[in-house]
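S.K.:
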Amino acid sequence: MRFYLETYGCTANQGNSEAFASALIERGHLQASLEEADLVIVNTCAVTERTERDMKKRLSELQGDRLVVAGCLPSAIPAAVRDIKCRGVMGVLGSRSGQKIGDGYDPERSRRENDSAARRLTAAVNISEGCLGRCSYCIVRRARGTLKSRTVEEIAEDVRRRLRGGAVEVQLASQDAAAYGLDRGSSLPELLDAVAGIDGDFRVRVGMMKPDLLAPILEDLIRSYEDPKVYRFLHLPAQSGSDRVLEAMNRGYSGADFLYMAARFRSAFSDLTVYTDVIAGFPGETDEDFAATEDLVRKAQPDKVNVTMYSSRPGTAANSLCDMPSRFKKDRSRRIARLWQEIAGRRNGRYLGEEIVARVTERGRGRTVMARGDNYRKIAVSEPLPLGSAHRFKIVRTTPFYLDGEAIIRE
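Be aware that the sequence shown starts at 103, since it is given in our numbering, and climbs by one per residue.
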């Protein structure tokens, strides 16, 4: 069988797809182009109404006997794919799902190795599925279910397999990394110590962590981050700076809690890169509430803010609340975007003229490549350096989104 796989959404979805593809390849099947594929698998996302529309449009374009719809959309909103002509509808996909689909085909049709499809410099390794949160606006738990963590040993072996395949960056993916292990008596610091202890020249990126579940492991995790293999990178979603809105969202923490944890990490790692998330226009959000969010962003000084306009999702508690007009949500979204880009521009400007050791992890546009430093800063390089190679770069230009570097010395 020749299969084609399209993935949308979060890093956890990417991790699911990588596991899924590996399972099919191990059984003798081939990853191919859309035109050549016998089977077309679309791993969907359903996080916002706009995403849902985009997914349905793409599925309509691909519908037919070779299409399999997978991921969060059929799990959370099965009605959204009911009229799409396809081979089958699955929930969140993983390696077991890959084996089930693969069993329906003759592996003798694939007579050559497909190592390149499984070999990625950046490997998304899922550490758990589902979450413990009950956010009033979020459809993820409906799609993914409650928390199911993998064992430390299973994850470590998965990481070793990815490293043998050529990975130089491992992304620990989940719906909430801070929740890892709470269902099996383990913890994220324990896992991170085990992964960082694996032999090899690679870096580890920890995924998004909800503040209420980060709080109990904060100091242990900071100690784990001291390992040089761990990127000095923190993705801590705020969603709002208003405690009233955070309570309505059922987030389980205050704005002050968020600021304390971000500041505590920054005090431990002065060059830390901080990402956060903000929802603009949650139902009932007043001008004062939004001003509190702007104030929180100014205090936290994040390097990036993922701004999302509130979108009502079926089956969530917030779905029954009165939504505000889109023009207000758009205006607030633009204001937050302008604010964080001003902050990021200043923060990235500090690196102008500096030298940074970084590893090339992906191709950019044209002849450019992208490299990551120890704090996960993105460095764009206008020369075709070998993927996976490490270099010392001089920063010659900065933007709010990345740094421009020139290679000086190969490390």
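Note that the Cβ used here is the ideal one computed from N, Cα and C, for glycine as well. Treat the numbers as computed from the prediction; the structure is a model and nothing was measured.
Ignore the nearest five residues each way along the sequence and tell me which others in residue 290's own chain have a CB closer than 7 angstroms to its CB.
M.R.: Position 188 of the sequence shown, counting from 1, holds the residue named residue 290. Answer for residue 290: 279, 280, 282, 283, 319 and 323, listed in chain order.
S.K.: Looking at the unbroken alpha helix (DSSP H) that takes in residue 273, where does it start and where does it end?
M.R.: Position 171 of the sequence shown, counted from the first residue, corresponds to residue 273. Run containing residue 273: none in the alpha helix (DSSP H); it sits in the beta strand (DSSP E), 271-275.
S.K.: From 112, 223 and 135, pick the residue whose C-alpha is nearest to that of residue 174; which is it?
M.R.: Taking the sequence shown and counting its residues from 1, one reaches residue 174 at position 72. Nearest of 112, 223 and 135 to residue 174, Cα basis: 112.
S.K.: Near residue 256, what residues of its chain come up, given a Cβ to Cβ distance below 7 angstroms and the 5 sequence neighbours on each side ignored?
M.R.: Your numbering for residue 256 matches position 154 in the sequence shown. Closer than 7 angstroms at the Cβ level, and outside the excluded window around residue 256, lies no residue.
S.K.: Could you tell me whether the Cβ atoms of residue 338 and residue 378 are closer together than 8 angstroms?
M.R.: As a working note, residue 338 is residue 236 in the sequence shown. As a working note, residue 378 is residue 276 in the sequence shown. Against a cut-off of 8 angstroms, the Cβ pair of residue 378 and residue 338 comes out as a contact.
S.K.: In whole angstroms, what is the alpha-carbon distance linking residue 348 and residue 305?
M.R.: For the purposes of this step, residue 348 is taken as the residue at position 246 of the sequence shown. For the purposes of this step, residue 305 is taken as the residue at position 203 of the sequence shown. Distance between the alpha carbons of residue 348 and residue 305 is about 34 angstroms.
S.K.: Counting Cβ pairs closer than 8 angstroms, one from the stretch 136-147 and one from the stretch 385-400, do we hit at least three?
M.R.: no
S.K.: Inspect the beta-carbon positions of residue 456 and residue 497 and report whether they are closer than 8 angstroms.
M.R.: Residue numbering aside, residue 456 sits at position 354 when the sequence shown is read from its first letter. Residue numbering aside, residue 497 sits at position 395 when the sequence shown is read from its first letter. Result yes, Cβ atoms of residue 456 and residue 497 sit closer than 8 angstroms.
S.K.: Give, in chain order, every unbroken run of the beta strand (DSSP E) that is at least 3 residues long and sits entirely within the stretch 359-405.
M.R.: 375-382
S.K.: With distance defined between alpha-carbon atoms, name the residue in 365, 130, 114 and 117 nearest to residue 104.
M.R.: Position 2 of the sequence shown, counted from the first residue, corresponds to residue 104. Measuring from the Cα of residue 104, the nearest candidate turns out to be 130.
S.K.: Whose C-beta lies closer than 7 angstroms to the C-beta of residue 114 among residues of the same chain, with five residues either side of it excluded?
M.R.: As a first step, residue 114 must be located in the sequence shown, where it is residue number 12. Cβ within range, chain order: 228, 275, 276 and 277.
S.K.: Go ahead and pull the three-state DSSP assignment for residue 501.
M.R.: Working through the sequence shown from its first residue, we reach residue 501 at position 399. Correct three-state label for residue 501: coil.
S.K.: In three-state terms, what does DSSP make of residue 452?
M.R.: The sequence position of residue 452 within the sequence shown is 350, counting from 1. Three-state result, residue 452: coil.
S.K.: Does the structure place the stretch 403-412 close enough to the stretch 370-387 that three or more beta carbon pairs sit under 8 angstroms?
M.R.: The stretch 370-387 makes contact with the stretch 403-412, as at least three CB pairs between them are under 8 angstroms.
S.K.: Is the stretch 488-505 in contact with the stretch 443-455, if contact means three or more CB pairs nearer than 8 angstroms?
M.R.: yes
S.K.: Could you say which of 132, 128 and 143 lies nearest to residue 119 if we only look at CA atoms?
M.R.: Within the sequence shown, the letter at position 17 stands for residue 119. Closest option to residue 119, judged by alpha-carbon separation, among 132, 128 and 143: 143.
S.K.: Between which residues of its own chain and residue 99 is the CB-CB distance below 8 angstroms, once the five residues before and five after are set aside?
M.R.: It is not possible to answer for residue 99, since the shown part of the chain is limited to 103 through 513.
S.K.: Out of curiosity, what's the CA-to-CA distance linking residue 372 and residue 407?
M.R.: Counting from one through the sequence shown, the residue named residue 372 turns up at place 270. Counting from one through the sequence shown, the residue named residue 407 turns up at place 305. Residue 372 and residue 407 have their alpha carbons spaced roughly 19 angstroms apart.
S.K.: Name the residue from 486, 460 and 468 whose alpha carbon lies nearest to the alpha carbon of residue 529.
M.R.: There is no way to answer for residue 529, as the model of the chain reaches only from 103 to 513.
S.K.: Identify every run of the alpha helix (DSSP H) within the stretch 323-356, keeping only runs that are complete inside it and at least 4 residues long; order them along the chain.
M.R.: 345-351
S.K.: What span of residues does the alpha helix (DSSP H) with residue 169 cover, start to end?
M.R.: Stepping through the sequence shown from its first residue, residue 169 is reached at position 67. No alpha helix (DSSP H) contains residue 169, which is instead part of the beta strand (DSSP E) from 169-173.
S.K.: Looking only at C-alpha atoms, which of 225, 231 and 292 sits nearest to residue 262?
M.R.: Stepping through the sequence shown from its first residue, residue 262 is reached at position 160. Ranking 225, 231 and 292 by Cα distance to residue 262 puts 225 first.
S.K.: In terms of residue numbering, what span does the beta strand (DSSP E) encompassing residue 463 cover?
M.R.: Stepping through the sequence shown from its first residue, residue 463 is reached at position 361. Unbroken beta strand (DSSP E) run through residue 463: 457-465.
S.K.: Can you tell me whether residue 454 is buried or exposed, with buried defined as 16 or more other CB within 10 angstroms of its CB?
M.R.: On the sequence shown, residue 454 is found 352 positions in, with the first residue counted as 1. Result: exposed.
S.K.: Excluding five sequence neighbours on each side, which residues of the same chain lie with their C-beta closer than 7 angstroms to the C-beta of residue 164?
M.R.: Looking up residue 164 in the sequence shown gives position 62. Answer for residue 164: 142 and 144, listed in chain order.
S.K.: From the DSSP secondary-structure annotation, give me the bridge partner or partners of residue 159.
M.R.: In the sequence shown, the residue the question calls residue 159 occupies position 57. None; residue 159 has no bridge partner.
S.K.: Could you check if residue 230 belongs to the surroundings of the ligand GDP, using beta carbon to heavy atom distance under 7 angstroms?
M.R.: Absence of the ligand GDP from the depicted structure is noted, as is the absence of any ligand whatsoever, leaving it without description.
S.K.: What's the gap between the Cα of residue 121 and the Cα of residue 336?
M.R.: What you label residue 121 is simply residue 19 of the sequence shown in a count that begins at 1. What you label residue 336 is simply residue 234 of the sequence shown in a count that begins at 1. Their backbone Cα atoms lie some 25 angstroms apart in a straight line.
S.K.: Would you call residue 148 buried or exposed, if buried means 16 or more other Cβ atoms sit within 10 Å of its Cβ?
M.R.: The residue you call residue 148 lines up with position 46 of the sequence shown. When all chains shown are included, residue 148 counts as buried.
S.K.: Between the C-alpha atoms of residue 507 and residue 462, what's the straight-line distance to the nearest angstrom?
M.R.: For the purposes of this step, residue 507 is identified with residue 405 of the sequence shown, where counting begins at 1. For the purposes of this step, residue 462 is identified with residue 360 of the sequence shown, where counting begins at 1. Cα to Cα, residue 507 sits roughly 12 angstroms from residue 462.
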